[in-house]
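Participant: Pasting a structure here, questions to come.
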Amino acid sequence: MSVLRDLEQIFDEHDRRASMLRYELDEINRATAERDRLHDEETGPRLAELRLAAEAEAERERLAAEQEQAERARLAAEAQEQRDAIARAAAARRAQNVVSAYDDDDDPESEYYRRKSWLV
């Protein structure tokens, strides 16, 4: 019978230790939950502040990129306008350098320009 009593003592000791471990685990879980709650209360506002700062920075970067794009477009348009003006001026110079005869038979100069040979 002493074996039976020993087994009962072993089972009772096991139940007591298991109960203590469950109690300790429950305490650890409660303490962890409390720390999580406190951490959320402390970091929630700071996290929202950081999120707003990141959004503001992203908006500033977007606006800077848009301004840079607009400046590039303005410079490109200005350069194109200058190129067009140069082309118009060159075309005007060429137009003034070209001598063209007109079909007015009374003009003595037109006869000069319509001659067959320019070897004089």
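Take the sequence shown: its position 99, counting from 1, is numbered 99 in UniProt numbering, and each next residue is one higher.
Ideal Cβ placement from N, Cα and C applies to all residues, glycine included.
All of these numbers come straight from a predicted model, not from anything done at the bench.
(1) Could you tell me the distance, in whole angstroms, from the CA atom of Q80 to the CA atom of Q96?
(2) When the Cα atoms are used, what is the spatial distance from E71 to L63?
(3) Taking only the alpha-carbon atoms, compute the straight-line gap between A56 and A76 and give it to the nearest angstrom.
(4) What's the gap between the Cα of R94 and the Cα of Y112?
(5) How far does the alpha helix (DSSP H) with S2 in it reach, from first residue to last?
(6) Work out the CA separation of I28 and L21 for me, nearest whole Å.
Facilitator: According to the structure shown:
(1) 24 Å
(2) 12 Å
(3) 30 Å
(4) 21 Å
(5) 2 to 97
(6) 10 Å
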